[in-house]
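Worksheet for the structure shown next.
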Amino acid sequence: MIALEKRPQPSRGWLVAAPLLAVVLTMLVGGAMFAALGVDPVEAIRTIFWDPLFNPQFASYSRPQLLVKAGPLILIAIGLSLGFRAGIWNIGAEGQYIMGAICGAGAGLAFYPSESLLIFPLMALAGALGGWAWAMIPALFKTRFGTNEILVSLMLVYVAESILASVSSGLLRNPEGMGFPGSRNLAQWDAAANRELLANTGMHWGVVAAFVSVILAYVLMSRHVLGFNIRLSGDAPRAARFAGVRPARIIIFCLGTAGALAGLAGLFEVAGPAGQISIDFNSGYGFTAIIVAFLGRLHPVGILLAGLLMALTYIGGELAQLMLGVPGASIQLFQGMLLFFLLGVDVFTNYRLRLGRREVA
Amino acid sequence: MDFGSINPVLLVASVMVSATPILLAAIGETVVERSGVLNLGVEGMMITGAVVGFAVAVNTGDPASGFAAAALASAVLSLTFGVLTQIFLSNQVATGLGLTLVGLGLSSLIGKPYEGMKSPTLPKLDLGPLSDLPVVGRMLFSHDIMVYLALGIVALVWMFLKFTRAGLILRAAGENHDAAHALGYHVVRVRLMAIFFGGACAGLGGAYLSLVRVPQWTEGMTAGAGWIALAIVVFASWRPWRVLVGAYLFGGVTVLQLNLQAAGADVPVALLSASPYLVTILVLVIISARGAHAAPGSLGRPFHASQ
Chain A
1 MIALEKRPQP
11 SRGWLVAAPL
21 LAVVLTMLVG
31 GAMFAALGVD
41 PVEAIRTIFW
51 DPLFNPQFAS
61 YSRPQLLVKA
71 GPLILIAIGL
81 SLGFRAGIWN
91 IGAEGQYIMG
101 AICGAGAGLA
111 FYPSESLLIF
121 PLMALAGALG
131 GWAWAMIPAL
141 FKTRFGTNEI
151 LVSLMLVYVA
161 ESILASVSSG
171 LLRNPEGMGF
181 PGSRNLAQWD
191 AAANRELLAN
201 TGMHWGVVAA
211 FVSVILAYVL
221 MSRHVLGFNI
231 RLSGDAPRAA
241 RFAGVRPARI
251 IIFCLGTAGA
261 LAGLAGLFEV
271 AGPAGQISID
281 FNSGYGFTAI
291 IVAFLGRLHP
301 VGILLAGLLM
311 ALTYIGGELA
321 QLMLGVPGAS
331 IQLFQGMLLF
341 FLLGVDVFTN
351 YRLRLGRREV
361 A
Chain B
1 MDFGSINPVL
11 LVASVMVSAT
21 PILLAAIGET
31 VVERSGVLNL
41 GVEGMMITGA
51 VVGFAVAVNT
61 GDPASGFAAA
71 ALASAVLSLT
81 FGVLTQIFLS
91 NQVATGLGLT
101 LVGLGLSSLI
111 GKPYEGMKSP
121 TLPKLDLGPL
131 SDLPVVGRML
141 FSHDIMVYLA
151 LGIVALVWMF
161 LKFTRAGLIL
171 RAAGENHDAA
181 HALGYHVVRV
191 RLMAIFFGGA
201 CAGLGGAYLS
211 LVRVPQWTEG
221 MTAGAGWIAL
231 AIVVFASWRP
241 WRVLVGAYLF
251 GGVTVLQLNL
261 QAAGADVPVA
271 LLSASPYLVT
281 ILVLVIISAR
291 GAHAAPGSLG
301 RPFHASQ
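Protein chains in written order, with the numbering used here: chain A, 1 to 361; chain B, 1 to 307.
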């Protein structure tokens, strides 16, 4: 009889090994999936994980893309991880991302065609504020009425998508765009463009913000009393209240930070890689960031690595679509499986297997 | 604007049709949550049911087997959630989200070749003289079998939870899993069965979307219906008949906004298309402000029987 026995302390080894094991398991099962789709599994896995970085033909194009895709994922996931540590489940980052992009782009476009140096910082500020405000809706409902933040934040994603559809064909539509939906192209307007900072690295302001957020989150969570209170609220909510931690403050802080970071990510995306507000400029980063946060064990450094890995599957996935004709959706499934396997093997962090007969209680 | 073009008889009839998918998913989730498990993967199970039901119905030409296959596929998918949360003791919130992401990916993978196809749809049930009644016949007795089956499932779930021993055990596992375990009930087994049932219901709901309501397969076609179903369970305070009220209410909002859009009402389209979600938020806030929480005691907490 195999039984699970709770470990007195979480295993440090498994904490690190679990994500690696999950990646290996995903490669195996994902390989089987590709084989079932009629694609050579070894070829597919190599195209996804190896070619974007080292293939002499594509690497020069796809290597910079790694940072471009990882930037928003890391930025959003860092914000989400604060809440997840405290047991606050903001799953509406996609909506906060969209609202950040709309507010930021709107603030910039109001001054078109000014060439002032203040435009871009103003847009970043407005983007962060937009995301923050959108996240404050579930936060205030939660603190004021105890409303479930999971459902409210998720519902607001659909509301944000409606607003996006409305502004891209109405309020923010390019007046010189012959009536097509979509805003002016921000990437072609010098004062508002989120440029590549170092040529051919993919490094733009969003990536810089992501790296800064990793460092700040690390300091916050391991060196600051607020970080301690956040962790305490998640691990032992009753103990936290006895220790004088005000739950409402933690909720407002965690949701607000997550919203602001998601809003920033949205603004950097719309002013750089995406270029304009359009009906479908959002590409699901807000949801993938949830996988990134868990894959990175809700730890800033882990999230940095997980964000790079997830960005790799995006780029490799596109490459596999192009080269091998793998359906795009299989990559999405691949990412979902990764989360599933991680959650599955995670049991060994807190429990160990015990072989032998179960004793009578 | 022309409100005269909105026919109240047809409105009620279409509310019943548009409420059925969320009703099915919500009643299944009610059973799952009453057993103490929070499965946030309803959206993923629904869309898997939608695509599997559609694919099987197209290939066999028989919508009934489409529905059966959808229920089975979603139930099997939900068991992955069951195994992870109940045996591998993973976090239920995270695993439920994972289930939704996997379901969305899986469905668009399976559904690619079926885009733009037409499926055989369910015939209207012939209820003899009832269907011929004026007004009422058109409103209530002119639907396909799944509309009535959904109502039947609600009644059965209500009876099961209220009057049967098995229902009592299930509620015990949900209210206090340690006590249920101490009494000798198999908490994990009960919960796995509940999860399986919830998956099957969500699958039926999804298949109803792709086979009757729309009826077509498009990627991401559930568009949050699974999440609304989750909200309805909260709205209903975990009680079957209130789930019915909630689902018909939300069906009503959905149909009304579509009718208003078609009638060219002087309201921004964005506001109208966001209205089902806004109403959901509003209702959630009102319910929570009233403080009427009747959530099962062990909802969302992992259970590990330490000897």
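Built from N, CA and C at the ideal position, the CB exists for glycine as well.
Quantities reported herein were computed from a predicted structural model and do not represent experimental measurements.
The continuous stretches of beta strand (DSSP E) do not include K118(B), and DSSP gives it neither H nor E.
Per the Cβ contact rule, the segment 190–203 of chain B is in contact with the segment 67–78 of chain B (3 or more Cβ pairs under 8 Å).
Taking a cut-off of 8 Å on C-beta distances, the segment 171–186 of chain B does not touch the segment 101–117 of chain B, as fewer than three cross pairs fall below it.
The shortest C-alpha to C-alpha distance from G95(A) to any of L67(A), R231(A), V68(A) and L267(A) is the one to L267(A). Secondary structure of L40(B) (DSSP, three-state): coil.
Counting other Cβ atoms within 10 Å of its Cβ, N200(A) stays below 16 and is therefore classed as exposed. In this structure, G79(A) lies away from G234(A), with their beta-carbon atoms at least 8 Å apart. In this structure, the beta-carbon distance from I74(A) to G307(A) falls below 8 Å. L339(A) sits away from I76(A), with the two beta carbons spaced by 8 Å or more. In this chain, R354(A) is not harboured by any alpha helix (DSSP H); it is covered by the beta strand (DSSP E) spanning Y351 to L355.
The three-state secondary structure of L4(A), taken from DSSP, is strand. Note on geometry: alpha-carbon atoms of I195(B) and V157(B) lie some 14 Å from one another. For F141(A), the C-beta contacts it makes with chain B under 7 Å involve V285, in order along the chain.
No beta strand (DSSP E) of 3 residues or more sits fully in the segment 283–325 of chain A. Where T30(B) is concerned, the enclosing alpha helix (DSSP H) starts and stops at P8 to R34. When rounded, the separation of the alpha-carbon atoms in R171(B) and I27(B) is 15 Å. Remark: fewer than three beta-carbon pairs, one from each stretch, lie closer than 8 Å, so the segment 34–49 of chain A and the segment 251–258 of chain A are not flagged as touching.
By the C-beta criterion, the segment 51–71 of chain B is judged not to be in contact with the segment 282–297 of chain A, since fewer than 3 inter-stretch pairs fall below 8 Å.
The DSSP-derived three-state label of D178(B) is helix. When the Cα atoms are used, P175(A) and I286(B) turn out to be separated by approximately 42 Å. In this structure, the straight-line span from the alpha carbon of V93(B) to that of P302(B) is close to 11 Å. Across the structure, I145(B) and V214(B) are spaced so that their CA atoms are roughly 16 Å apart. Cβ-Cβ separation between G259(A) and M136(A): approximately 7 Å, consistent with a contact (criterion under 8 Å). Around E43(A), the same chain offers no residue with a beta carbon nearer than 6 Å, after the five sequence neighbours per side are excluded. V212(B) and V243(B) have their C-alpha atoms spaced approximately 21 Å apart.
G146(A) belongs to the set of residues whose beta carbon lies under 8 Å from a beta carbon in chain B. Counting every other CB atom within 10 Å of its CB across the protein chains shown gives Y351(A) a total of 16 or more, marking it as buried. In the structure shown, E219(B) falls within a coil segment according to DSSP collapsed to helix, strand and coil.
Collapsing the DSSP output to three states places D144(B) in a strand. Nearest CB-CB separation between Q332(A) and chain B: below the 8 Å threshold. Interface criterion met: the Cβ of W227(B) is under 8 Å from a Cβ in chain A. Shown here, E161(A) sits in a helix according to DSSP, grouped into three states. Contact with chain B is found for K6(A), since one of that chain's Cβ atoms lies less than 8 Å from the residue's Cβ. In the three-state reduction of the DSSP assignment, E176(A) falls in the coil class, being assigned neither a helical nor a strand state. Approximately 11 Å separates the beta-carbon atoms of V233(B) and L284(B); this is outside 8 Å, ruling out the contact.
In terms of Cα proximity to A150(B), the closest of V17(B), G297(B), L11(B) and A289(B) is V17(B).
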